[in-house]
């Protein structure tokens, strides 16, 4: 078992065994370089590390894990550190390889960090695709948020990705971006409909429960 996975398991972090898709970052057989990013080091220290080795910000282990993944381990990782890594070339859509296929967004959804929502917004604003499926068909970031009971975050994720699509300069990005934007918009509308349907179902359930309670009181 790679060193980083051993450390993650030792820390009893269940989501660390849920790694994501082909890594596009620089490959490195030694994953010990990820450790500093998993310990909640302050921005000043992270900047020093990256200044000494610029490729560190986007380097990937043999399993495709990057500093953006590792940073989700510590509850002390700040949004500023994530923002710096993204600005230094880290990919918001870098996915792990092997049995599990998850991007930094998936890892952050499971993170125990008081700034989790802000960091998820940073990732999506930098292009993280909440509809990227894991190794399980139909399981993506949006679905994971709902499964975890993060309904408010799931709804906000739709707003953030919609803003990203609206703000992206398709002329600079080229024709490929237009196609990707169209796919994202289709997914956004689909998930919006699902949210509305779920809200209607919940409202009906609450009405039924209220009616049943009134009937019980009348007996």
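Numbering (my numbering), first residue to last: -13 to 205. For glycine and all other residues, C-beta sits at the position ideal for the given N, C-alpha and C. Being a predicted model, the structure only gives us computed values, none of them experimental.
My output table needs one value for residue i: the three-state DSSP class, helix, strand or coil.
i, result
"residue 111", "helix"
"residue 46", "strand"
"residue 9", "In this prediction, residue 9 scores a pLDDT of 39, lower than 50, which makes its location untrustworthy; the coordinate-derived value is nonetheless stated afterwards. Coil."
"residue 24", "helix"
"residue 128", "helix"
"residue 190", "helix"
"residue 134", "coil"
"residue 83", "coil"
Could you tell me the distance, in whole angstroms, from the CA atom of residue i to the CA atom of residue j?
i, j, result
"residue 195", "residue 188", "10 Å"
"residue 137", "residue 166", "25 Å"
"residue 56", "residue 147", "23 Å"
"residue 97", "residue 36", "23 Å"
"residue 82", "residue 76", "14 Å"
"residue 53", "residue 71", "8 Å"
"residue 89", "residue 78", "7 Å"
"residue 176", "residue 34", "44 Å"
"residue 198", "residue 190", "12 Å"
"residue 133", "residue 192", "21 Å"
"residue 102", "residue 95", "7 Å"
"residue 173", "residue 86", "23 Å"
I believe residue i touches residue j by the beta-carbon criterion, under 8 Å. Please report the beta-carbon distance rounded to the nearest angstrom.
i, j, result
"residue 67", "residue 32", "5 Å"
"residue 143", "residue 110", "6 Å"
"residue 150", "residue 113", "7 Å"
Between the beta-carbon of residue i and the beta-carbon of residue j, is there less than 8 Å?
i, j, result
"residue 25", "residue 74", "no"
"residue 29", "residue 64", "yes"
"residue 92", "residue 38", "no"
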